[in-house]
Amino acid sequence: MSSPEHIHHPSPAQYWKIAVVLAVLTAVEVAIYYIHRDFDLGHFNTVLLLLLAALKFVIVIGWYMHLRFEKSTLSRFFTGGFILASALYTIVLTALGVIAIRGG
Amino acid sequence: MARSRLRLVRLGALVAVTLLLGACSLISSEDQPLTTFEPAGPFAERIDNLFWPVFWIAVAVFVLVQGAILVAVFLYRDRDGSKEAKQLHGSPKLEIAWTIIPALILAGIAVPTTAAVFDLTECGPDAIEVQVTGHQWWFEYHYPDAEITTANVMVIPAGQEVCARMTSDDVLHNFWIPALNGKRYLVPGQTTELRLQADQPGEYWGHCAEFCGLSHSLMRARVQALEPAEYNAWLASQQAGATLPVEGDPEYEGYQVYLNKQCIQCHTVRFEDDSASNIIATDAFNGPELTHFASRNVFAGAILPGEGQSRGDALKEWLDDPPSTKPGSFMPDLALTEAEIDALIVWLESME
Amino acid sequence: MTELTHEASLEHAHPEHEGTGVDDRKLGMWLFLSSEFLFFGALISNYLLYSNRAGFPGVYPAEIYDIPFTSVSSFVLLMSSLTMVLAHNAQSRQDVNGTRTWLFATAALGAIFLGGQVFEFTEFIVNFDMKLSTNPAASAFYVLTGFHGTHVAIGVIMLLSLWGISRRRGGLSDKQGLNLELVGLYWHFVDIIWIVIFTVVYLLSVPPA
Amino acid sequence: MTATAERPTTTIFRRPSSTKGLWSWITTVDHKRIGIMYGYAAFTFFIIGGLEALLLRIQLSQANGEFLTAGAYNALFTMHGTTMIFLFVMPASSALMNYLLPLLIGARDVAFPRLNALSWWIFFFGAIFLYSTFIFGTSMAPVGVDGVGGVDGNLAPGGGPGSFNFLADSPDGGWFGYQPNAGPLYSPGTAMDYWALGLQIVGLASLVSSVNFLVTVLNLRAKGMRLLRMPVFAWMTTITSFLLLFSLPIIAVALFMVTFDRQFGSLFFAANAGGDPILWQHLFWLFGHPEVYILILPAMGIVSEILPTFSRKPLFGYSAVVFAGAAIAFLGFGVWAHHMFASGITPVAQAAFGLATMTIAIPTGIKIFNWLGTMWMGRIRLHTPMLFAIGFVAMFTIGGLSGVTHAVVPSDWQQTDTYYIVAHFHYVIFGGAVFGLFGGLYYWFPKLTGRLMNERLGKAHFWLMLLGFNLTFGPMHWLGLQGMVRRTWKYAPETGLEPWNLAVTVGAFIIAFSIFIFMINWFTSRRRGEESGLDPWDARTVEWMAPNPTPEYNFAVPPVVTSLDHFWHLKYEEDTEGRAVRVDHADEMLANIEHDQLNPVSPIHLPNPSYFPFFFALGLPIMFYGVIYHRTPWGKALILVGLVISLAAVIGWAMEPLEEPHGDDGGLAEHDQLELAEAAVSPEGSDPVLPPAGGETESSDD
Ligand code: HEA
Ligand code: HEA
Ligand code: CUA
Ligand SMILES: [Cu+2]
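Residue numbers (the working numbering), protein chains in the order written: chain W, 2 to 105; chain U, 182 to 533; chain D, 11 to 219; chain P, 24 to 725.
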């Protein structure tokens, strides 16, 4: 489709570059996983891995799904759903985690 | 027009009568043994003290809103010759007022609520522990210090805090003695706590409040609060085993039925003579312990004996066919003969 | 909210309707996907809850993960997002052959990912005796990854349908081009869910001590 | 009536073309007809659910009642709650939303007409599936259970041995199906599977329509209908749709988990194997609490339409009412654990959820006070719709206030699981949602029929229902605080609860009688009611600019909206005091509007009917029957058959254009042509070369 909204979209070359970035990030993730197995990174492990995942997540949504280039209405609904889900389930898990400790 | 106003008046009268009736029975909530309005201990009282102010706030809001509706309808009714309305679109000032005022009222309610939640949740350090296990459809009580187990009637000392540590053997149950505290779930695989305290000796009624299957409605509870001295005596008597009937005793025949009619598969009885005791492992399927059966004034999930029924008659009804009294009961119909039942009753009645 | 109002008031741009200016179907797809977050969120939460509970019989999923294997299949799925977006790009340039090739490549990568999942499940069930009914952690693992796999499978079917249409009709009409875009959105969404699953469920999950 | 909706005769596929008879209803994609079908189905389930309630009440009218068996009682309250919530209030709201949403925003249809038909058929088959448990359900383990279901022997509860009457063989886990009681171990048999899968299907229907409504509102408003000019009912529909969109996936997961536990041996809620029953409660109420606002917000929207019309005054604080609705929805996602105050969650969580719950009283209060502000200084006309709207405000407030007493956590430890809760939620649902829905039916009846309902019967209905309602649910407050637990088949005479229970039962029959009057009114007025004309209530919003009964195309001339309450402002001006003055030519103008709307200048093309939504939906229950019996060969076959039907329907759907090509406009509907023009000028518009036809294969991804 050649409608005006697509004009700003990245070119195939850029898509390839983004893919390389994604691949590298994945490789780093796996590397961190193995490093952590041998040298305990403690909480760093969790934080780093979550950050990397978030980065990949944002890149795919922003560039491959073109959310960056869409009307803000769309991103608002979509991120709304994401934030709602994260918040709700965090609370649920907190509540249940405590129960788990008490329940043994 | 006039006619429908008349109807309104009539309706008003009706509402008034209903309220009046309500008020009357408020006074007579004594013969309602499950009432929440007669707290008998500090925990229930704390809740009661929290309920009433909130209730009166609610009444005030109720009167305000209903009053405004009635006034508006009477004042601004479209009558012949009434003018068209001014086209008001709103008022920021009012808007702010009726956002802030409720918010303040609620903040006022929130503070004592939060305090009470924290005060009422965790058991005190000196509380006597009673372990409560929910079964479809009866409550089991275990006193870990005294190492005794009983059912349906929870005996506690008056004036002392009891900490109920609760779990369930099957599905969710919900333990509730309205005069002593609110409810708490019994969750299989988890432990929950409930603080109980009765200031005066007496009998307090309760009920399983969470739907727990077919006979949830027949899963009731009693708490018996005793003077501390009596309580200690009770503990001692419960710790003793039952007397083993010997041939010739009037109870002997019933005991034989117990031994021979599968009762021993489910019911623990501890005898003075330990070697005769029949103990069901706690993780096996079990029914209420019968060692001191006759020391309890109610049985079978506190539904028997029914109003005006003697315990003997109630036992007769129960042993004849438990599921017909309590649908789905896990105590099956054992096809006992009348003679066997009578014999069992004699034996069971002897187990004080 | 205010922004919405503002946009909607660009009356000259919308002679017939007030609207967002986003195509109906695309808007619908985004809305649907936003609700899918809550779907997968619940499943991931279940896994997080149970995978950390001690005392279950049988193996925990985290004890038997084959991280190198899963890394590869994650990579495959990630790259399918690239081919997907290339297909979309080709379509927007009216490049019929490119569209077809990349569509097929995406479907193929998706199928490889699915194959990997089938292999993984079989491995877990046969070699490690971890079944759906082994313990709640296993239940949570299978149901989560299973539902994700189902989403991938539906995506593969849709991609292959588009590919088939393109072959039969010598290219996709612009209307189908929009379909391609919608399928693409769905596909990327399934990919980002896997990004989360890979990290949270595979890399970060440790069996309880 | 000259030109109306024109249907093409030459088509590529043979399309359904009848406009009368059964097939026209099965294949219709008209939002109004779909709304009507939703409405009749919902009302039927109201009667069924009501009859179930009456049976419950007969049982409880005496202490130790013997009218029902325990199993039947449990099945009845489960099915009563499930029916009333999922098969009555939700579809009844859906009925009004379907019928009215496009009219309220000045559109010809929803964004995806066929998807709309799909929603309805999914709902319909889901409901039938759920109720077929009365015929097929069992409370015993089905044959061939490989160690999955059921306590052995004759000890299986949930019906129990010997109770093979059909009621005792029906779902009996309560409407929130708490685990593990509703799980495979304690509710063996198939009844709870029908329940879980039935709700799954019904939920899917709502999910589909929520997307549809949202896109409709966001993209199809009439010219000038800015978001903050939409009627409040359209707003509440939007907000409700968001609630559905975000809460349904959660219950979908929860129900899938139960189904997996019951059918495939997973252990999510199996407490004996480490599963966590509390997880179910979180997931259920995470959905369940937003759900209660899904029930009430549409009714709040209806009331916000009725009160201004009959007070002859604009809605007081329009934007505050709208934002309060949004705030209720938003906050509604953060309070679910107030249903679990007694479950043993931590004191921090209890306090936090208690406080969060209280905050909802603030936006709700804003609404109540703005409604009062609307009536205040108005010129109130007490027609039947207005009576119901006022009844709503009065009765809902009572229920809301008892809700606040539950939010006081320690109080709730006393109240939870008693009739005090039952009183609360019937006050908010019946006193709120149901009063609101009835108000809406009386109000918009002319749009359906071109006639008015009988006022005298309407008023009799209202006063009797108000009386019966308060007699039924008022004493329940008292009963609950006197210790009557809910879901209780029997209560002991010593509890002293009997007289009040008798009053409740009498009240329930008074309600039933009032509903009977309503039915008489409805069916007689449909044919013989007074003709309504264009604007029977001197209304304010644009749906009244479409003729009554509504023609298939809604508006021959879509309105161009210049203000909130656009229609009113066409008719009225304000004098110096700000009072409404009817403009001189108002009546003439109304006649012109009616004439123009009835006589389109050129033919209006509407989406064509389609078989495919019906068949797509038909496949689902067949598949789900198969899931329940998947251990048998014919069960597996059913799954396959259902899958094939649905898939075939999807393919057919994808190949079938929404509208057949028309000779006169080059294959494009007028609607699309205009959109085309729009796209050409708009930088963000869709493809300028091709029509972005709303809804070609829109469901291909669902
Ligand atoms: C239409 C449905 C509906 C609605 C709108 C509500 C509204 C509310 N509900 Fe209700 N609720 C249910 C349906 C609904 N509920 C159902 C079905 C259940 C039981 C489920 C089951 O167990 O089967 C339930 C159960 C339930 C519980 C759990 C009880 C228990 O099981 O222990 C609680 C606890 O907090 C609660 C609270 C509230 C509150 C605070 C509101 C608030 O939204 C109310 C707000 C309104 C007002 C407060 C009135 C107007 C306001 C003013 C006039 C302003 C001034 C007011 C003050 C300053 C106080 N509800
Ligand atoms: C929309 C929601 C809704 C509605 C409208 C109602 C309406 C009614 N409900 Fe309710 N109810 C629930 C939702 C609802 N209910 C829920 C969610 C539960 C909890 C379930 C659970 O615990 O799992 C519940 C539980 C519940 C209980 C508690 C059961 C228990 O805990 O043991 C009771 C008891 O009295 C009751 C009574 C009634 C009555 C008398 C009506 C009446 O208002 C019904 C009136 C309607 C009619 C009577 C219609 C019949 C009309 C006719 C008969 C006309 C004549 C027709 C012909 C001749 C053809 N309901
Ligand atoms: Cu135990 Cu109800
Ligand atoms: Cu709630």
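All residues carry an ideal CB built from backbone N, CA and C; glycine is no exception.
A quick note: this is a predicted structure, and the numbers were derived from the prediction, not measured.
If you measure from the CB of residue i, is any heavy atom of ligand 4 nearer than 7 Å?
i, result
"G427 of chain P", "For the record, residue 427 of chain P in the displayed sequence is Val; it is not Gly. Flag unset: Cβ of V427 of chain P not near ligand 4."
"V315 of chain P", "yes"
"V358 of chain P", "yes"
"H312 of chain P", "yes"
"H361 of chain P", "yes"
With 16 as the cutoff for other CB atoms within 10 Å, does residue i come out buried or exposed?
i, result
"S505 of chain U", "exposed"
"A147 of chain D", "buried"
"V704 of chain P", "Note that V704 of chain P has pLDDT 34, beneath the 50 cutoff, so the model's placement of it is unreliable and the number below is only indicative. Exposed: under 16 other Cβ atoms inside 10 Å."
"A225 of chain U", "buried"
"N493 of chain P", "buried"
"Q15 of chain W", "exposed"
"H361 of chain P", "buried"
"I250 of chain U", "buried"
"V624 of chain P", "exposed"
"A339 of chain U", "buried"
"Y443 of chain P", "buried"
"R35 of chain D", "buried"
"W512 of chain P", "buried"
"R509 of chain P", "buried"
"A115 of chain P", "buried"
"D326 of chain U", "exposed"
Going by DSSP, what residues sit across from residue i in a beta bridge?
i, result
"L407 of chain U", "U:P338"
"F45 of chain W", "None, per the DSSP bridge assignment."
"L485 of chain U", "U:F480"
"K267 of chain U", "P:R602"
"R365 of chain U", "U:F356"
"C389 of chain U", "U:F356"
"T95 of chain W", "Paired residues: none, contrary to the question."
Got a sec: does ligand 1 put a non-hydrogen atom nearer than 7 Å to the Cβ of residue i?
i, result
"W303 of chain P", "no"
"G248 of chain U", "no"
"T439 of chain P", "yes"
"A430 of chain P", "yes"
Residue i: beta carbon under 7 Å from a heavy atom of ligand 2?
i, result
"R401 of chain U", "no"
"I108 of chain P", "yes"
"H726 of chain P", "Given that chain P is displayed from residue 24 to residue 725, the structure contains no residue 726 of chain P and the question cannot be resolved."
Hey, would you say the C-beta of residue i is under 7 Å away from at least one heavy atom of ligand 3?
i, result
"F392 of chain U", "yes"
"G315 of chain U", "yes"
"W318 of chain U", "yes"
Which residue spans inside the stretch 317-357 of chain U form an unbroken beta strand (DSSP E) run of at least 3?
-> 319-324, 329-332, 334-338, 343-349 and 354-357
Whole runs of the beta strand (DSSP E) within the stretch 529-604 of chain P, excluding any shorter than 3 residues | 595-597
What are the start and end residues of each continuous alpha helix (DSSP H) run of 4 or more residues lying completely inside the stretch 454-494 of chain P, in chain order?
-> 458-472
Which residue spans inside the stretch 299-359 of chain P form an unbroken alpha helix (DSSP H) run of at least 4?
-> 300-334 and 341-355
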